[in-house]
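S.K.: Quick one: the structure is below, questions incoming.
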Amino acid sequence: MNMKKYLALILAIVMSLSLVACGGGGSGGSSETPSGGGETQTGGQTASGGDIYVLVPNADHGWTGAVLTYAQQKAEEVNAEGNYNVIVQAATDAKNQQEQIDDLLAAATPPAGIVILPYDNTMESSMNNIAATDIPFIMVDRIIDNPVVQEKVVANVKGDNEGIGKATAERFIADGLQPGDKLYVMIGDTSSVPEMRNKGFTETLAANGWTEEQLATIEYSAATGWSRSTGKQLFIDWINSKTVEELGEYHYIFTHDDEIGMGILEALSGTEIEQAKKDAFLEAINSIGSSSGLGEMYEVLSGTHANTAYPDIVANFDLFSVTYPPKMIQNAVDDMISHLNGETVEKDHTITVDVVDSTNVADYEGF
24 MNMKKYLALI LAIVMSLSLV ACGGGGSGGS SETPSGGGET QTGGQTASGG
74 DIYVLVPNAD HGWTGAVLTY AQQKAEEVNA EGNYNVIVQA ATDAKNQQEQ
124 IDDLLAAATP PAGIVILPYD NTMESSMNNI AATDIPFIMV DRIIDNPVVQ
174 EKVVANVKGD NEGIGKATAE RFIADGLQPG DKLYVMIGDT SSVPEMRNKG
224 FTETLAANGW TEEQLATIEY SAATGWSRST GKQLFIDWIN SKTVEELGEY
274 HYIFTHDDEI GMGILEALSG TEIEQAKKDA FLEAINSIGS SSGLGEMYEV
324 LSGTHANTAY PDIVANFDLF SVTYPPKMIQ NAVDDMISHL NGETVEKDHT
374 ITVDVVDSTN VADYEGF
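Using the working numbering, read the sequence shown as starting at 24 and increasing by one per residue.
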């Protein structure tokens, strides 16, 4: 064999070995990017019990951001045990979450289970698709309530949304609310969550003497989308649309989330509301209720917030927050593991609520 042929043979062998090396990498411990730009966290090894996928909306702050954080923490905990491999996927939007589900249902090896916080109510068709399979699934927070899904779902894990409305109404009544008093409610979105919170609120009022006619006078904001900035602007627009005399008639505001409540506080500490109207509002207001457990709201309640204007503002009224813990995503993963281990799981797993105010905020951990 001449030198040229010898060198060509050596080169061919080296290239062949390189191709084998490039094509033989494993996926254990890696991060993947599912269709649509969502994020995936995988376990470090193959687990005997199989893969549990946790599908949640993507966010870097607020309640949904805390859900993602707690889901990732739970994945690390479970994966370290080695019995199951928990994979967290965060969807950028509803379409992305639908694509994630389509990929899971088309996979050669189906998941052992799916835990999902549906992005919004447009996920109903995708939930029907999951229900058409034998893959066990659990819904968290946003519950798709149709017969096809509910017949197959292992558990609905949710905060007590009606309980939030009930606790808020009871607190308002304790603060002096009378049938027919003017009320302003700032809602989250158009999903089942605000519906349930309003249901608990109005049913409690009805049980305490409010007539249908009086309940019909309650004012509701447009959907805030659970957004502080949107809630702030809606509140500014609302208060500036009233006269000083009209504002003197409003003593109670029910917001569906601490982010909305913080938006109100930002508006009251800012300059976008006429001072005369701000003064009239603060003189009249008795109570503002919110919910979720936002750490920043707890800072306001404890008097430790960096905004030095807040103590003087909240001294005018009873500010409180009803709990709605994002850690429920961890309860849902525990329920899925229990189900896969052959244990009985409560189908309607409702997390009870507490009312947090300045007197007991030290007993609660915000997110």
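Ideal Cβ positions, reconstructed from N, Cα and C, are used throughout, including at glycine.
For the region 153-193, list the beta strand (DSSP E) runs that are entirely contained and at least 3 residues long, ordered along the chain.
M.R.: 160-163, 178-182
S.K.: Just to confirm the assignment, what range does the alpha helix (DSSP H) spanning residue 263 have?
M.R.: 251-263
S.K.: With distance defined between alpha-carbon atoms, name the residue in 166, 186, 76 nearest to residue 132.
M.R.: 76
S.K.: How far does the beta strand (DSSP E) with residue 351 in it reach, from first residue to last?
M.R.: Unbroken run through residue 351 is the alpha helix (DSSP H), 351-363; no beta strand (DSSP E).
S.K.: Could you tell me if residue 106 is buried or exposed, where buried requires 16 or more neighbouring beta carbons within 10 angstroms of its beta carbon?
M.R.: Counting C-beta atoms within 10 angstroms of its own C-beta, residue 106 has fewer than 16 neighbours from the protein chains shown and is therefore classed as exposed.
S.K.: How is residue 112 classed by DSSP in three states: helix, strand or coil?
M.R.: In this structure, residue 112 counts as strand in the three-state DSSP scheme.
S.K.: How big is the Cα-Cα spacing for residue 359 and residue 177?
M.R.: Straight-line measurement puts the Cα of residue 177 at about 8 Å from the Cα of residue 359.
S.K.: Cα-Cα, which of 268, 267, 310 is closest to residue 288?
M.R.: 310
S.K.: Of the choices 330, 101, 383, whose alpha-carbon is the least far from that of residue 355?
M.R.: 101
S.K.: Using only alpha-carbon positions, find the residue among 314, 341, 329, 319 that is nearest to residue 307.
M.R.: 341
S.K.: When you compare each of 318, 268, 322, 262 to residue 295 by their alpha carbons, which one comes out closest?
M.R.: When only C-alpha atoms are compared, the closest one is 262.
S.K.: Assign residue 370 to one of three DSSP states: helix, strand, or coil.
M.R.: Looking at residue 370 - three-state DSSP - the assignment turns out to be coil, as it is neither helix nor strand.
S.K.: Is the CB of residue 290 under 8 Å away from at least one CB in chain B?
M.R.: This model lacks chain B altogether, as it is built from one protein chain only.
S.K.: For residue 84, count the other beta carbons within 10 Å of its own beta carbon; 16 or more makes it buried, fewer makes it exposed. Which is it?
M.R.: So residue 84 counts as exposed.
S.K.: Can you tell me the Cα-Cα spacing of residue 339 and residue 253, whole angstroms?
M.R.: 24 Å
S.K.: From the DSSP output, read off the bridge partner residues of residue 375.
M.R.: Paired residue(s): none; residue 375 is not in a bridge.
S.K.: Would the region 377-389 and the region 198-209 be scored as touching if the rule is three or more Cβ pairs under 8 Å?
M.R.: no
S.K.: My output table needs one value for residue 279: the three-state DSSP class, helix, strand or coil.
M.R.: Correct three-state label for residue 279: coil.
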